[in-house]
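Reading through the structure tokens given below for one structure.
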Ligand code: DX5
Ligand code: ZN
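Numbering (this note's numbering), first residue to last: 92 to 305.
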């Protein structure tokens, strides 16, 4: 699955930018609060507006403090998958239950320096694991191959029936790095600059999908 990130889109024309990502499986929306990460993007009112103009399932990536308070609003608004950061969540098990009760899939994300091990039991309550392959905050950074060990570990836990979730990766995915991530066992690839900096985002999506399947 390919999930283009609108972080690299033209924020003045977001509805048009959603229409350009032909063939996207999900649209990835990066919510940043200038506290959990050193950048500020958009929040619930913009997400609500975008949900009205697209049928693409929305993958909201909340890079915010206190997701226990704020995440539920995105689920209630109709986001398909709502991902919170393990480093920021107070009660991640309750959070997952609340997100699911509100009709969304629940995602848990870990930063590059956060180990997977301590979160394995918590992840039994989640539908997606988002492994960050850059420090969260900005698009256009270089892929960190060292996170692939965590991807392989998660893939193993899923394949042996210990976890039941999608493994998603975010940061620095392009036509080269997507092959490494696919080999390590990623199911869903977020790509911002690789899709939106292309002349034809739809073609970029299908090219990425082909590379992942090689
Ligand atoms: C970074 C965001 C990513 C970002 C990826 O903190 O979470 O979703 O948009 O951008 P690229 O694909 O350009 O690394
Ligand atoms: Zn993201």
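Every residue, glycine too, gets a C-beta built ideally from N, C-alpha and C.
Just so you know, these numbers come straight off a predicted model, no measurement behind them.
- In chain order, 94, 117, 119, 172 place their CB closer than 6 Å to the CB of residue 150, counting only its own chain and leaving out the 5 sequence neighbours on each side.
- When DSSP states are grouped into helix, strand and coil, residue 218 belongs to the coil group.
- Checking the 8 Å criterion, the Cβ of residue 278 is out of range of every heavy atom belonging to ligand 2.
- Two segments are said to touch when three or more pairs of C-beta atoms, one from each, lie closer than 8 Å; by this definition the region 183-196 does not touch the region 225-238.
- Residue pairing from DSSP leaves residue 92 without any beta-bridge partner.
- Cβ-Cβ separation between residue 239 and residue 271: approximately 6 Å, consistent with a contact (criterion under 8 Å).
- Relative to ligand 1, even the nearest heavy atom lies 8 Å or more away from the CB of residue 149.
- Apart from the 5 residues on each side of it in sequence, residue 112 sits with its Cβ closer than 6 Å to the Cβ of 95, 292 in its chain, given in chain order.
- The three-state reading of DSSP puts residue 204 in coil, since its state is none of H, G, I, E or B.
- Annotated as distal: residue 161 and residue 133, with beta-carbon spacing of 9 Å or more.
- Assignment of residue 259 by DSSP, reduced to helix, strand and coil, places it in the strand class.
- Note on geometry: alpha-carbon atoms of residue 283 and residue 100 lie some 8 Å from one another.
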